[in-house]
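J.:
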Amino acid sequence: MTGLQKMELLSGGQKSRVAFACLSLTNPHILVLDEPSNHLDIEGMDALSEALQRFEGGVVMVSHDVTMLQNVCTSLWVCDKGTVTKFDGTVNAYKKMISSQANEAGVAVAH
Numbered sequence: 079m080t081g082l083q084k085m086e087l088l089s090g091g092q093k094s095r096v097a098f099a100c101l102s103l104t105n106p107h108i109l110v111l112d113e114p115s116n117h118l119d120i121e122g123m124d125a126l127s128e129a130l131q132r133f134e135g136g137v138v139m140v141s142h143d144v145t146m147l148q149n150v151c152t153s154l155w156v157c158d159k160g161t162v163t164k165f166d167g168t169v170n171a172y173k174k175m176i177s178s179q180a181n182e183a184g185v186a187v188a189h
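So the sequence shown is numbered by our numbering: it starts at 79 and just counts up by one.
Here you go:
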């Protein structure tokens with residue numbers, strides 16, 4: 079991409095990159111991110127993962143992107159039935175646990 083473009087002409091991924099660039103300039107203590115990898119291509123997701131790994135503040139992130147969670151998160155907190163609890167394990171361990179619970183309940187699990 080060359081030159082300047084108006085924000086309304088940018089793709090979702092490009093807008094996300096601009097937003098994260100602006101955030102980095104403000105030097106926040108904490109980031110609250112809701113599905114931050116939405117609208118990002120692979121290159122953008124990699125750049126976001128690297129930026130979050132280098133970020134010195136706290137990050138609260140809601141995401142269904144398992145790769146992003148594995149690359150960035152140092153702890154996993156699970157929201158379920160109106161409570162939030164820390165899960166002592168990896169994202170993959172959590173996935174296995176809920177798949178097992180679903181199987182025990184007779185729910186078909188897509189892999």
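Ideal placement from N, C-alpha and C gives every residue a C-beta, glycine not left out. These figures come from a predicted structure and were not determined experimentally.
In whole angstroms, what is the alpha-carbon distance linking G160 and H142?
T.: 18 Å
J.: Buried or exposed: which applies to L103, given that a residue is buried once 16 or more other Cβ atoms fall within 10 Å of its Cβ?
T.: exposed
J.: Output the boundary residues of the alpha helix (DSSP H) element that contains C100.
T.: 90-104
J.: Run through the DSSP bridge pairs and tell me what M139 is partnered with.
T.: L111
J.: Note down, in chain order, each residue of its chain lying with its Cβ closer than 7 Å to the Cβ of A125, except the 5 sequence neighbours on either side.
T.: none
J.: On the DSSP bridge assignment, give the partners of D158 in chain order.
T.: D158 is bridged to T161.
J.: I need the straight-line Cα distance from I120 to Y172, nearest angstrom please.
T.: 24 Å
J.: Tell me which residues share the same chain as R95 and place their Cβ nearer than 7 Å to its Cβ, disregarding the 5 neighbours each side in the sequence.
T.: Within the same chain, G122 come within 7 Å of R95 by CB-CB distance, once the 5 residues on both sides are set aside.
J.: Hey, out of P114, K164, C157, whose CA is closest to T145's CA?
T.: P114
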